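Residue numbers (my numbering): 1327 to 1982. Just so you know, even glycine gets a beta-carbon here, dropped at the ideal spot from N, CA and C. Quick caveat, the model's predicted, so the values are computed rather than measured.
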Ligand code: 6R9
């Protein structure tokens, strides 16, 4: 594949051309919460627009200034005061909605709980009283290392109620990952459980906490929920939730907190080893979580049953299982376990059982369901669904179309929602009653959000070209910084382009000016002077009938700079790609995107390395492709997968 073309000036190639488009259903469009006029209205008076959205919440004291912007530090709704837990719970009870179901909880073994808003208010009040008894006050950090059970949400809301800062650590993380986060946040309390159910087994949580707190005296107490009943070690530091919380009064008088009072820290792993503690505050965060949940899913809280299948240890769980839905008085399904337990139809069974109307999940899950076969969802009644969403990675057109057809009955709009831990809430997404969705495109910045695609000089690219996505104006749920590290905040997000927020993702504007997200710029491959996005090549591979999932990386190559190495999960389950399949796949990619994008090597793998939120860790695949020792795997769902993949290496096929 020798190529002597000089490096082009393009920022990111635009190779994929997709022409399918699905207009909104007429009845949904007619009754939509948000109509097309919202864009112009918000553009005409952006701060006024957000001020109007802030009135969705109950404030104890109104703000006197909408935005105080000292770049890159923002304060929203200055001097306003409110309590996030009151906004999520108490005010709905006061408004006569006490009997409405807040959560239908489904445990993995099949046990269930239904919790109304009135019950949730009692539970949160008891937990807030318990936190006070443990000496937790405003500003203290509380780590939450829990399974997906109602107490996890109760714990978060109780922290918010007393003004403590919660820091949820995904229950699958290792002792080291937990310990690192405890050190950085200096949490004084850890809330955990004996264990949770995953894949049909009780999986322990407390031993990891025991190990992590053993040499961390900053942690004063460990509050433990009994979920599985398994044996646990016990020390003086430990307190059972049922001993302490259940006996508390169900009355608790909430305080008002400043709009900028820290609400939570959520760690994201950066490219370097030390995770970044992304800080979110109260008023602006809740405003945008609430507005976007209502607008993007067209939520009708009286009638909808909403389900977000994310983990609470991911920002998606924070904004779209807890704060968005509760602030809107929605009825939400919460599921503890995995999609294949006890059978591969579990998700569809949940939708049928609760008559879920809005479902939100990750592309990685959708691709897995595609691999398992169309007949599984076909065995369930999914006709209650009216809007389905996707988050976490670019959704490739093939997966979008499958999702729309086999889950959405070819009737429901798909909302592909782009955002980050840092943005706090959805930023770029179709509006289901307004937008004609294109498979694979996140489409447009939401009303009140000013996004653009720029080249490496920070100049806006014309339609039809690729570059870097940026946000031009501050937004209410933006991160307020990195915990304890203002310089890193400035360097990471605000130094690449003067005055612009840089999320680190590549994107393109198509001929209509609609936005397509193209993955992390760290993952972009440089092949013979062309910047090629992993997303486009992966989408092309997945659109071939023999491929269920794909990840591509650029590996150093003497001739082309980088050569594209593709890791594919074959639908047949085969662990080697035959000569014919290699040729067929390379031709297929060549035909879809052009010869430049043909993978030089293709490897069949049984699984791909993924984070808990389903993101492919291409950095680890690059290590393998370049025969290096594999880097930090502590945030993988299953770290043993790297050994399995490394073993596949001898089956590498070198072509051309
Ligand atoms: C919410 C969440 C953020 C990164 C983000 C981007 C990728 C998320 C996406 C998407 C394309 C979408 N991402 N949603 N890429 N289309 N709809 O995922 O937060 O875990 O912080 O990840 O995920 O690369 O920058 P987080």
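- Query: What's the C-alpha gap between residue 1983 and residue 1698?
  - Reply: This structure leaves residue 1983 out entirely; the chain is present only between 1327 and 1982.
- Query: Which residues have their C-beta within less than 7 Å of a heavy atom of the ligand 6R9, listed in chain order?
  - Reply: 1594, 1640, 1641, 1642, 1716, 1717, 1718, 1719, 1720, 1721, 1742, 1743, 1744, 1745, 1746, 1747, 1748, 1768, 1829, 1830, 1831, 1843, 1845, 1846, 1939, 1941
- Leaving out five residues on either side along the sequence, give the residues of the same chain with a beta carbon under 7 Å from the beta carbon of residue 1528. Position 202 of the chain shown, counted from the first residue, corresponds to residue 1528. Here the set comprises 1521, 1554, 1556.
- Query: CB-CB under 7 Å to residue 1454, same chain, minus the five flanking residues each way: which ones, in chain order?
  - Reply: For the purposes of this step, residue 1454 is taken as residue 128 along the chain shown, with counting starting at 1. Excluding residues within five positions, the ones whose Cβ falls inside 7 Å are 1484, 1487, 1488, 1578.
- For residue 1764 versus residue 1347, is the C-beta spacing smaller than 8 Å? To locate residue 1764, count along the chain shown from 1; it is residue 438. To locate residue 1347, count along the chain shown from 1; it is residue 21. Closer than 8 Å, so yes.
- Rounded separation between residue 1709 and residue 1734 - CA only: Counted from its first residue, the chain shown places residue 1709 at position 383. Counted from its first residue, the chain shown places residue 1734 at position 408. Looking at the two C-alpha atoms, the distance is approximately 8 Å.
- Reduced DSSP secondary structure (H/G/I, E/B, other) of residue 1338: Position 12 of the chain shown, counted from the start, is the residue given in the question as residue 1338. If DSSP states are grouped into helix, strand and coil, residue 1338 belongs with the strands.
- Message: What does the Cβ neighbour count give for residue 1340, buried or exposed, with the cut at 16 atoms within 10 Å?
- Response: Locating residue 1340 in the chain shown gives position 14, where the first residue counts as 1. Residue 1340 is buried by the Cβ-count criterion.
- In angstroms with no decimal places, state the Cα-to-Cα distance between residue 1517 and residue 1660. Within the chain shown, numbered from 1, the residue matching residue 1517 stands at position 191. Within the chain shown, numbered from 1, the residue matching residue 1660 stands at position 334. Cα-Cα distance, rounded: 19 Å.
- Reduced DSSP secondary structure (H/G/I, E/B, other) of residue 1432: The count along the chain shown starts at 1 and reaches residue 1432 at position 106. If DSSP states are grouped into helix, strand and coil, residue 1432 belongs with the strands.
- Query: Does the Cβ of residue 1535 have 16 or more other Cβ atoms within 10 Å, making it buried, or fewer, making it exposed?
  - Reply: On the chain shown, position 209 is the one that residue 1535 refers to. The residue is buried, with at least 16 neighbouring Cβ atoms inside 10 Å.
- Task: Would you check if there are 3 or more beta carbon pairs closer than 8 Å linking the stretch 1860-1875 to the stretch 1430-1442?
- Result: no
- Message: Could you tell me the alpha carbon to alpha carbon distance between residue 1738 and residue 1390, rounded to whole angstroms?
- Response: Counting from 1 along the chain shown, the entry for residue 1738 is found at position 412. Counting from 1 along the chain shown, the entry for residue 1390 is found at position 64. Their Cα atoms are separated by approximately 42 Å.
- Item | Identified DSSP bridge partners for residue 1521 | The residue labelled residue 1521 in the question sits at position 195 within the chain shown. For residue 1521, which the question treats as bridged, DSSP gives the partners 1530.
- Query: With 16 as the cutoff for other CB atoms within 10 Å, does residue 1982 come out buried or exposed?
  - Reply: The count along the chain shown starts at 1 and reaches residue 1982 at position 656. In this prediction, residue 1982 scores a pLDDT of 33, lower than 50, which makes its location untrustworthy; no coordinate-derived value is stated.
- Query: Is it right to say residue 1331 is buried, meaning 16 or more other beta carbons lie within 10 angstroms of its own, or is it exposed?
  - Reply: For this step, residue 1331 is matched to residue 5 along the chain shown. Below a pLDDT of 50, predicted positions are generally treated as unreliable, and residue 1331, at 42, falls in that range; the measurement from the model is reported next regardless. Flag for residue 1331 reads exposed.
- Does the beta-carbon distance from residue 2002 to residue 1716 come in below 8 Å? Since the first residue shown for the chain is 1327 and the last is 1982, residue 2002 is missing from the structure and cannot be characterised.
- Query: DSSP on residue 1422, reduced to helix/strand/coil?
  - Reply: Walking along the chain shown from the start, residue 1422 turns up at place 96. Of the three classes helix, strand and coil, the one that applies to residue 1422 here is helix, per DSSP.
- Message: If you reduce the DSSP assignment to three classes, tell me which class residue 1623 lands in.
- Response: Within the chain shown, the letter at position 297 stands for residue 1623. Residue state, collapsed to three classes: coil.
- Starting from the C-beta of residue 1776, find all residues in its chain whose C-beta is less than 6 Å away, skip the five residues before and the five after it, and write them out in chain order. Numbered from 1 along the chain shown, position 450 holds the residue referred to as residue 1776. Within the same chain, residue 1776 has close Cβ partners 1798, 1799.
- Query: For the alpha helix (DSSP H) that residue 1453 lies in, which residues bound it at each end?
  - Reply: Working through the chain shown from its first residue, we reach residue 1453 at position 127. Run containing residue 1453: 1443-1459, per the alpha helix (DSSP H) assignment.
- Message: For the pair the stretch 1657-1671 and the stretch 1903-1922, tell me if three or more CB-CB distances fall below 8 Å.
- Response: no
- Message: Using only CA atoms, which one of 1547, 1550, 1438, 1446 lies nearest to residue 1423?
- Response: By one-based count along the chain shown, residue 1423 stands at place 97. Residue 1446 is the option with its Cα nearest to residue 1423.
- Item | Three-state class that DSSP yields for residue 1977 in the structure shown | Counting from one through the chain shown, the residue named residue 1977 turns up at place 651. Because residue 1977 carries a pLDDT of 41, less than 50, the predicted location of this residue cannot be relied on, and no value is offered for it.
- Item | In chain order, each beta strand (DSSP E) run of at least 3 residues that lies wholly inside the stretch 1563-1643 | 1564-1566, 1588-1594, 1602-1607, 1631-1634
- Message: If the criterion is Cβ atoms closer than 8 Å, does the pair residue 1959 and residue 1947 meet it?
- Response: As a working note, residue 1959 is residue 633 in the chain shown. As a working note, residue 1947 is residue 621 in the chain shown. Not closer than 8 Å, so no.
- Item | First and last residue of the uninterrupted beta strand (DSSP E) at residue 1843 | Working through the chain shown from its first residue, we reach residue 1843 at position 517. Where residue 1843 is concerned, the enclosing beta strand (DSSP E) stretches over 1841-1846.
- Message: Taking contact to mean 3 or more Cβ pairs, one atom from each stretch, closer than 8 Å, check whether the stretch 1678-1688 and the stretch 1924-1934 are in contact.
- Response: no
- Message: Looking only at its chain, what residues have a beta carbon closer than 6 Å to the beta carbon of residue 1955, apart from the 5 residues adjacent to it on each side?
- Response: Counting from 1 along the chain shown, the entry for residue 1955 is found at position 629. So no residue of the chain qualifies.
- Query: How would you label residue 1731, buried or exposed, when you count the other beta carbons within 10 angstroms and need 16 or more for buried?
  - Reply: The sequence position of residue 1731 within the chain shown is 405, counting from 1. Residue 1731 is exposed by the Cβ-count criterion.
- Message: I'd like the span of the alpha helix (DSSP H) that includes residue 1396, first residue to last.
- Response: As a first step, residue 1396 is located in the chain shown; it is residue number 70 there, counting from the start. No alpha helix (DSSP H) contains residue 1396, which is instead part of the beta strand (DSSP E) from 1391-1396.
- Message: Quick check on residue 1880: does DSSP put it in helix, strand or coil?
- Response: Position 554 of the chain shown holds residue 1880. Residue 1880 falls in the strand class under three-state DSSP.
- Message: Nearest by alpha-carbon distance to residue 1560: which of 1749, 1682, 1533, 1545 is it?
- Response: Along the chain shown, read from residue 1 onward, the residue named residue 1560 stands at position 234. Considering only alpha carbons, the answer is 1533.
- With respect to the alpha helix (DSSP H) encompassing residue 1856, which residues constitute its N-terminal and C-terminal limits? Within the chain shown, numbered from 1, the residue matching residue 1856 stands at position 530. That residue, residue 1856, is in no alpha helix (DSSP H); its beta strand (DSSP E) goes 1856-1858.
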